[in-house]
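With our numbering applied, the sequence shown corresponds to residues 153 to 235, in that order. Yeah, the Cβ is synthetic: ideal placement off N, Cα and C, and Gly gets one too.
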Amino acid sequence: MKPTEEEVHSALRIILTDKKSYATSLNYAVNYVVQGLELKGEALRVQCIYVLNNIQKWRHSEAKEVRKVLKEFTKWRADLINQ
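What follows is the structure, given as structure tokens:
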């Protein structure tokens with residue numbers, strides 16, 4: 153099932169809660185996440201791609217679920233556009 157934009161924004165907020173990882177595994181991702189919270193639609197889908205590429209080494213109790221939501225959202229939007 154496709155995630156909603158609100159679910160994506162919630163996942164992005166989870167990333168921001170991990171302040172101890174800002175200087176390491178979330179270095180560049182934080183800026184992309186903050187910007188993503190203000191976006192919708194196709195712009196949010198593209199921003200999720202940037203976030204996913206920058207949280208590859210992130211370890212957190214909810215990291216797997218966050219990645220899943222972001223990845224599903226980017227797939228769904230791409231499928232919608234390609235129709």
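Inter-stretch contact at 8 Å, needing at least 3 Cβ pairs: the segment 169-181 / the segment 207-218: yes
Three-state secondary structure (DSSP) of Thr176: coil
Selected residue, minimal CA-CA separation from Leu204, among Glu159, Leu164, Pro155 and Glu194: Leu164
For Ser162, the three-state DSSP class (helix, strand or coil): helix
DSSP-derived helix/strand/coil call for Glu214: coil
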